[in-house]
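Residue numbers (this note's numbering), protein chains in the order written: chain A, 207 to 322; chain B, 12 to 128.
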Amino acid sequence: DVKVTQSSRYLVKRTGEKVFLECVQDMDHENMFWYRQDPGLGLRLIYFSYDVKMKEKGDIPEGYSVSREKKERFSLILESASTNQTSMYLCASSLIRLDDYQETQYFGPGTRLLVL
Amino acid sequence: AQKITQTQPGMFVQEKEAVTLDCTYDTSDPSYGLFWYKQPSSGEMIFLIYQGSYDQQNATEGRYSLNFQKARKSANLVISASQLGDSAMYFCAMSNVFSGGYNKLIFGAGTRLAVHP
């Protein structure tokens, strides 16, 4: 069974704080992803990583950074949290299918972040 | 442009009946993957089923089946024998290979399914 875990289910932070969201997967997946999910806007890709120390910007990287020091761990960092970063954050890791090279993404339980 | 459309914001079904959730997609790429995910109120996005664009047969996983009609660009999810625990938000998604060689997953807006006893 694929297991993706996130460090917190709920988090409350103040404006200007530095926030770390941690994600760990135990399936030796190469690729990992961070999304945010907001009502009416769906899931939006923030950053992804296809290898250790590698990262690529997604659709909405502004205000965020990421770190991938180990293959199993992918961290999302809010350098200075703002109220518009209140959201549900979902981490995923993916398995590449050898028959067609498509990937199946497996998600963690999500972190609901409230920035006051 | 790649796009996923789910036209049903909400659906109701009686327990033990079957239900079909609609999904249409738009892409010009010949190779793509189609996925369905379930998101209960707890928030976790649970992978249900996958269909590759070159697959000849419709995918099935237990009570879930994917009705893949390539010419119509539709990938409807069929849930047979609905259970109360099936009440959730359901997302259709499509993956394409990035120009850089990495897959991007594009999600639809979702359909909220309510199963009534």
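Glycine included, every Cβ here is placed at the ideal spot set by N, Cα and C.
Practice task
Please decide whether Tyr101/B counts as near chain A, where near means a Cβ-Cβ distance under 8 Å.
Solution key: Not an interface residue.
Exercise for the section: Report yes or no: is there a C-beta of chain B within less than 8 Å of the C-beta of Thr310/A? Expected result: At least one chain B Cβ lies under 8 Å of Thr310/A.
Handout entry: Amino acids of chain A, ordered along the chain, whose beta-carbon sits closer than 7 Å to that of Tyr65/B
Key = Neighbours of Tyr65/B on chain A, chain order: Asp306.
Practice task
To the nearest angstrom, report how far apart Ser110/B and Asp40/B are at their CA atoms.
Solution key: Below a pLDDT of 50, predicted positions are generally treated as unreliable, and Ser110/B, at 49, falls in that range; no measurement from the model is reported.
Handout entry: Cβ separation of Thr310/A and Gln212/A, assumed to be a contact under 8 Å, to the nearest whole Å
Key = In fact, because the Cβ distance is near 19 Å, the residues do not count as touching under 8 Å.
Practice task
For chain B, find out if any of its Cβ atoms is closer than 8 Å to the Cβ of Pro315/A; answer yes or no.
Solution key: Yes - at least one Cβ of chain B is within 8 Å of the one on Pro315/A.
Practice task
Give the straight-line distance between the Cα atoms of Arg215/A and Met294/A, rounded to the nearest whole angstrom.
Solution key: Near 9 Å, if we compare the C-alpha coordinates of Met294/A and Arg215/A.
Exercise for the section: Anything in the segment 39-60 of chain B with a Cβ closer than 8 Å to a Cβ of chain A? List those residues in chain order, please. Expected result: The residues in question are Ser42, Tyr43, Gly44, Phe46, Tyr48, Ser53, Gly54, Glu55, Met56, Ile57, Phe58.
Problem - Cβ-based neighbour list, Asp33/B, same chain, cut-off 8 Å, excluding 5 preceding and 5 following - result: In the same chain as Asp33/B, and ignoring 5 residues on each side of it, the C-beta atoms closer than 8 Å to its own belong to Gln17, Thr18, Gln19, Ser85, Asn87, Thr122, in chain order.
Handout entry: chain B residues whose Cβ lies nearer than 7 Å to that of Arg274/A
Key = Within 7 Å of the CB of Arg274/A, no CB atom of chain B is found; the nearest one sits about 14 Å away.
Exercise for the section: Tell me the start and end of each unbroken beta strand (DSSP E) in the segment 52-111 of chain B that is at least 3 residues and wholly inside, in chain order. Expected result: Taking 3 residues as the minimum length, the beta strand (DSSP E) runs contained wholly in the segment 52-111 of chain B are 57-63, 75-80, 85-90, 99-108, in order along the chain.
Problem - Own chain, CB closer than 7 Å to Ser273/A, minus 5 neighbours either side, in chain order - result: Once the five neighbours on either side are set aside, the close Cβ partners of Ser273/A are Ser281, Ile283.
Exercise for the section: Take Leu249/A and list the residues in its own chain whose beta-carbon comes closer than 6 Å to its own, dropping the five residues that flank it on each side. Expected result: Once the five neighbours on either side are set aside, the close Cβ partners of Leu249/A are Tyr241, Gln243.
Problem - Residue from Gly96/B, Ile90/B, Ser52/B with nearest C-alpha to Gly73/B - result: Among Gly96/B, Ile90/B, Ser52/B, the Cα nearest to that of Gly73/B is on Ile90/B.
Handout entry: Cα-Cα separation, Lys49/B to Val208/A
Key = Their Cα atoms are separated by approximately 16 Å.
Practice task
Could you check if Glu304/A is buried or exposed, using at least 16 other CB atoms within 10 Å of its CB as the buried criterion?
Solution key: Note that residue 304/A corresponds to Leu in the displayed sequence, not to Glu. Exposed.
Exercise for the section: Mind checking who Met260/A pairs with in its DSSP beta bridge? Expected result: For Met260/A, no pairing in a beta bridge is given by DSSP.
Handout entry: For Thr289/A, three-class secondary structure by DSSP
Key = Looking at Thr289/A - three-state DSSP - the assignment turns out to be helix.
Problem - Same chain only: Cβ atoms within 8 Å of Tyr65/B, ignoring 5 sequence neighbours per side - result: Here the set comprises Ser42.
Practice task
Could you tell me the boundaries of the beta strand (DSSP E) in which Val225/A lies?
Solution key: Per DSSP, the unbroken beta strand (DSSP E) holding Val225/A starts and ends at 225-231.
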